[in-house]
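Residues in the sequence shown are numbered consecutively from 15, following this note's numbering.
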Amino acid sequence: MLLCEAALKGLQGINYEKALLQMRKNNEVESPDPWLYGRYLREYRTLGYLPVGIRNCVSRHLEYTYQDWCIGRLAEHLGQEDVAQEYFESSKKVWNLWREDIACFAPKNADGQWVDPFDPTKFYAPLVHEDPYFYEATGRQWEYNVQHDLAGLIARHGGNEAFVRHLDEFFDQGQYRSKETMLHVPYLYIYAGRPDKTAERVRESLKRYFHPTRDGLYDNEDMGCQSAWYMCSTMGIYPMMGQDLYLLSAPIFQRTEIALGKSGKSLVIEAPQAGPENLYVIAATLNGEPLHRAWIRHREIADGAVIRFELGSEPGDWGTRELPPSPMSMEY
């Protein structure tokens, strides 16, 4: 995922051809201990999913399928079309564990039968990392980790309005946590045309989960992800992992300047009206030109740029029409 994102963003100093070979080896060669590295290949290939009996089988399945898309995208970026198509096709396996009657990913036995009864809001082990189905979270909390086909997820919930209601319920019932597998969820409203909802949920999360105290972080600071989410969210620009896409929301700072390496260029983010009450983007410009969408590509800011937000205390229609592309339907 990281290597795919780095390649798409043009980061130098990495041999991406060798990286792709290693990624393919990790995903195509049988591992002596797939719990620690590599994959449970036999089940994934023959069944098209990971069955009950493999710990964290459903969340691991979700990770495999997004990794497949990332490998495919890197291969496509390097001009290896046959490899790309093979992995893109494999990434579609994600829906093999989608259970329509509960509108969530769910565990399935090797014989093709669903585990029943199954409640996607519950844990099924005393220690969350030993849950038989999902790693350190419930099925409902893992549901949104289909980053390569968010359009497919929205469609399976009945369209944009129904998906917004589903997200509202998720947050209002207290299911959201500031945890690695869920950090991107507040930004998914943007995919359904409701950046105002993203603004509200991001501000709620900033207030609830981040405090200037000794125990000011809600969860473990694994690889800096909590601080990274905080920094990106306060600046109003959040990267979608594994892709070259950034999702935009209202900054809390009036001005932020990010030096772009040794180039001498900068990304400047301006929001003159930034303040506690002004959490909605009313309008925006990119390098002086109107920006009507709540997302941008890395190439639009890679050589330096100025993003300017006009903020207000009431939502408008900014960002509601031109929605972010879902990777499975992206045109590069």
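We put the beta carbon where it would ideally sit given N, CA and C, even for glycine.
Bounding residues of the beta strand (DSSP E) (the contiguous stretch that carries Ile272):
Arg269 to Ala273
For Ser280, the first and last residue of its enclosing beta strand (DSSP E):
Ser280 to Glu284
Roughly how many angstroms lie between the CA atoms of Val160 and Thr79, to the nearest whole one?
8 Å
Who are the Cβ neighbours of Glu214 in its own chain at under 8 Å, not counting the five residues just before and after it?
Leu293
Beta-carbon proximity check, Ile85 vs Tyr101, cutoff 7 Å
yes
Please return the same chain residues whose Cβ sits closer than 6 Å to the Cβ of Tyr346, not counting the five positions on each side in sequence.
Note that Tyr346 scores 42 on pLDDT, short of 50, meaning its location in the model is unreliable; the coordinates nonetheless yield the value given after this. Cβ within range, chain order: n/a, list empty.
Under DSSP, the alpha helix (DSSP H) around Arg215 begins and ends at which residues?
Pro209 to Tyr223
Thinking C-alpha only, which one of Leu34, Leu141 and Val129 is nearest Glu90?
Leu34
Reduced DSSP category for Ile315 - H, G, I as helix; E, B as strand; rest coil
coil
Within 10 angstroms of its Cβ, does Glu31 collect 16 or more other Cβ (buried), or is it exposed?
exposed
Which two residues bound the contiguous beta strand (DSSP E) that contains Leu55?
Premise fails: Leu55 lies in the alpha helix (DSSP H), Leu55 to Thr60, not in any beta strand (DSSP E).
Tell me, please, which residues DSSP counts as bridged to Arg38.
Looking at the DSSP assignment, Arg38 forms no beta bridge with any residue, so it has no partner.
Same chain, Cβ closer than 6 Å to Gly256, neighbours up to 5 away in sequence not counted:
Met15, Cys18, Glu19 and Cys84
If we count the other Cβ atoms within 10 Å of its Cβ and call it buried at 16 or more, is Gly238 buried or exposed?
exposed
Could you give the DSSP three-state label for Val325: helix, strand or coil?
For the record, residue 325 in the displayed sequence is Leu; it is not Val. In the structure shown, Leu325 sits in a strand (DSSP, three-state: E or B).
Under DSSP, the alpha helix (DSSP H) around Tyr78 begins and ends at which residues?
Cys71 to His91
Cβ atoms of Ser45 and Lys82: under 7 Å apart, would you say?
A quick correction: the sequence has Asp, not Lys, at residue 82. No.
Buried or exposed: where does Lys211 fall if 16 or more other Cβ atoms within 10 Å of its Cβ makes it buried?
buried
Quick check on the DSSP output: the alpha helix (DSSP H) that includes Val97 runs from which residue to which?
Glu95 to Ser105
Proximity to Asp182 [Cα-Cα], best of Leu305, Ala206 and Leu164
Ala206
Indicate whether Trp332 and Ile310 have their beta-carbon atoms separated by less than 7 Å.
no
Going by the beta-carbon positions, is the gap between Glu348 and Val282 smaller than 7 Å?
Outside the shown range of the chain, which is 15 to 346, sits residue 348, and nothing can be said about it.
What would DSSP say about Thr227, mapped onto helix, strand or coil?
coil
Per-residue burial, Thr152 [other beta carbons within 10 Å of its own, 16 or more giving buried]:
buried
I'd like to check one pair, Lys193 with Asp133: are the Cβ atoms closer than 7 Å?
no
Please look up how many angstroms separate the CB atoms of Ile251 and Tyr260, rounded, as I've assumed it's under 8 Å.
5 Å
Return the first residue and the last residue of the beta strand (DSSP E) that Leu25 is part of.
It is not in any beta strand (DSSP E) - Leu25 carries neither H nor E in the DSSP assignment.
Stretch pair the region 186 to 203 + the region 144 to 151: three plus CB contacts closer than 8 Å
yes
Under three-state DSSP, which class holds Leu300?
strand
Taking buried to mean at least 16 other C-beta atoms within 10 Å of its own C-beta, is Ile28 buried or exposed?
exposed
What do you reckon, are the CB atoms on Val108 and Pro121 nearer than 7 Å?
no
From Leu76, Arg313, Asn40 and Ser343, residue whose alpha carbon lies closest to that of Arg154:
Leu76
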